[in-house]
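Quick note: the sequence shown uses this note's numbering, first residue -2, plus one each step. Virtual Cβ for every residue (Gly too), placed ideally from N, Cα, C. Computed from a predicted model, the values in this text were never measured in an experiment. Before any comments, here is the structure.
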Amino acid sequence: ALTTRVDLRDDIDADFGVALDELFELVVERGEDPDVALAPAGPLPKA
């Protein structure tokens, strides 16, 4: 089967979404605040 770049991107997006959901659940199970636990370390670079 021929795989297009869009197909690959959709697959990656789906996998990433599942991983984020699992990470979020893990943080909540540990009793941590997801906004704090999943925030980037350090200041965000200015665009």
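Distance cut-off 7 Å: Pro40 Cβ against heavy atoms of the ligand PLP: What this structure holds is no ligand at all, so the ligand PLP is not there to describe.
Leu20 at chain B interface by Cβ criterion, 8 Å: The structure shown contains no chain B; it holds only a single protein chain.
Ala11 to Gly39 span [Cα, whole Å]: C-alpha separation (whole angstroms): 28 Å.
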